[in-house]
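**Student:** So that we are looking at the same thing, I have put the structure below in structure tokens.
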Amino acid sequence: DAGVTQSPTHLIKTRGQQVTLRCSPKSGHDTVSWYQQALGQGPQFIFQYYEEEERQRGNFPDRFSGHQFPNYSSELNVNALLLGDSALYLCASSWEYNEQFFGPGTRLTVL
Amino acid sequence: AQSVTQLGSHVSVSEGALVLLRCNYSSSVPPYLFWYVQYPNQGLQLLLKYTSAATLVKGINGFEAEFKKSETSFHLTKPSAHMSDAAEYFCAVSLNNNDMRFGAGTRLTVKP
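Protein chains in written order, with our numbering: chain P, 16 to 126; chain A, 2 to 113.
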């Protein structure tokens, strides 16, 4: 079992650009959550997807959007990038309301 | 809304000494509580979780935590630190085992 995988590992963008991050959940998991971890801080909950729908959302602007595919994989999209969007983006998968397993993250740098 | 506060952004112990990482929570209803560990350039790994069963929770790598409702605390302990325990530790709270709210983290340094 490969566990939760994320791509790419690192990404550099400039302000105003758009970015898409990808996540493949652990085998057997149907729920994907996304977190933003700024340098020196704890992860902040962005949103969660279940059955291809956004089930829950944290306090993030509409520039942050996502999608879940029929195979349960997920994408996180961020539009109009700001310097403050620079962070480690973590994906976590779970089976319904059970334990979340985290991926290694995607490091996004906005210049 | 639920939240956690981790007391001490940096804790340093000697190898073989007791590890104590502090976490206090705020929640209007009985919460789920978690401790995660993060090694450099890696994701989060679950150490243990409290889900309203036993108040003393045993986790992986010799860690344990005790849920104390009267003190709204969920401190993480390990009797004897090992060099491999050096990492960032996060306490988290959730009402439904999903939307987790994390603390700011405590960096543990283990001195030889």
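Even glycine gets a Cβ: it sits at the ideal position worked out from N, Cα and C.
Note that the structure is a prediction, hence the values are computed from the model and not measured.
#1: Can you list, in chain order, the residues of the stretch 112 to 123 of chain P whose Cβ is nearer than 9 Å to any Cβ on chain A?
#2: Cα separation between residue 78 (chain P) and residue 91 (chain P)?
#3: Just the chain A side, please: which residues come within less than 7 Å of residue 36 (chain P) by C-beta, in chain order?
#4: For residue 48 (chain A), list the residues DSSP reports as bridge partners.
#5: Check the Cβ-Cβ distances between residue 87 (chain P) and every residue of chain A, and say whether any is below 9 Å.
#6: Answer yes or no: does any C-beta atom of chain P fall closer than 9 Å to that of residue 47 (chain A)?
#7: Have a look at residue 127 (chain P) and residue 49 (chain A) and give me their C-alpha separation to the nearest angstrom.
#8: Could you tell me the distance, in whole angstroms, from the CA atom of residue 5 (chain A) to the CA atom of residue 44 (chain A)?
#9: Would you say the beta carbon of residue 37 (chain P) comes nearer than 8 Å to a heavy atom of the ligand SAM?
#10: Is it a yes or a no for the stretch 60 to 76 of chain A touching the stretch 29 to 41 of chain P, going by three-plus beta-carbon pairs under 8 Å?
#11: List the residues of chain A that residue 57 (chain P) touches, going by C-beta distances under 7 Å, in chain order.
#12: Taking Cβ-Cβ distances below 8 Å as the criterion, which residues of the stretch 38 to 71 of chain A are in contact with chain P?
#13: Would you list the one or two residues that DSSP bridges to residue 81 (chain P)?
#14: Against chain A, does residue 1 (chain P) count as a neighbour if the rule is that its beta carbon must be under 9 Å from one of theirs?
#15: Could you name the residues of the same chain whose beta carbon sits closer than 7 Å to that of residue 30 (chain A), not counting the 5 residues immediately before and after it, in chain order?
#16: Is the number of C-beta pairs between the stretch 14 to 29 of chain A and the stretch 60 to 79 of chain P that are closer than 8 Å three or more?
#17: From the beta carbon of residue 17 (chain P), is the nearest beta carbon of chain A less than 9 Å away?
#18: Cβ of residue 94 (chain A) within 9 Å of Cβ of residue 34 (chain A)?
#19: Give a yes or no on whether 9 Å exceeds the smallest Cβ distance from residue 97 (chain A) to chain P.
#20: Identify whether residue 77 (chain A) lies in helix, strand or coil by the three-state DSSP scheme.
#21: Output the distance between the C-alpha atoms of residue 8 (chain A) and residue 105 (chain A), rounded to the nearest integer angstrom.
#22: If you draw a straight line from the alpha carbon of residue 5 (chain P) to that of residue 35 (chain P), how long is it in whole angstroms?
**Tutor:** According to the data block:
#1: 112, 113, 114, 115, 116, 117, 118, 119, 120, 122
#2: 10 Å
#3: The premise fails here: residue 36 (chain P) is roughly 13 Å from chain A at the closest Cβ pair, so nothing lies under 7 Å.
#4: Looking at the DSSP assignment, residue 48 (chain A) forms no beta bridge with any residue, so it has no partner.
#5: no
#6: yes
#7: This structure leaves residue 127 (chain P) out entirely; chain P is present only between 16 and 126.
#8: 20 Å
#9: As far as ligands go, the structure on display features none, and thus does not contain the ligand SAM.
#10: no
#11: 91, 103, 104, 105, 106
#12: 42, 43, 44, 45, 46, 47, 50
#13: P:91
#14: Since the first residue shown for chain P is 16 and the last is 126, residue 1 (chain P) is missing from the structure and cannot be characterised.
#15: 96
#16: no
#17: no
#18: yes
#19: yes
#20: strand
#21: 9 Å
#22: Absent from the structure is residue 5 (chain P), since the part of chain P shown begins at 16 and ends at 126.
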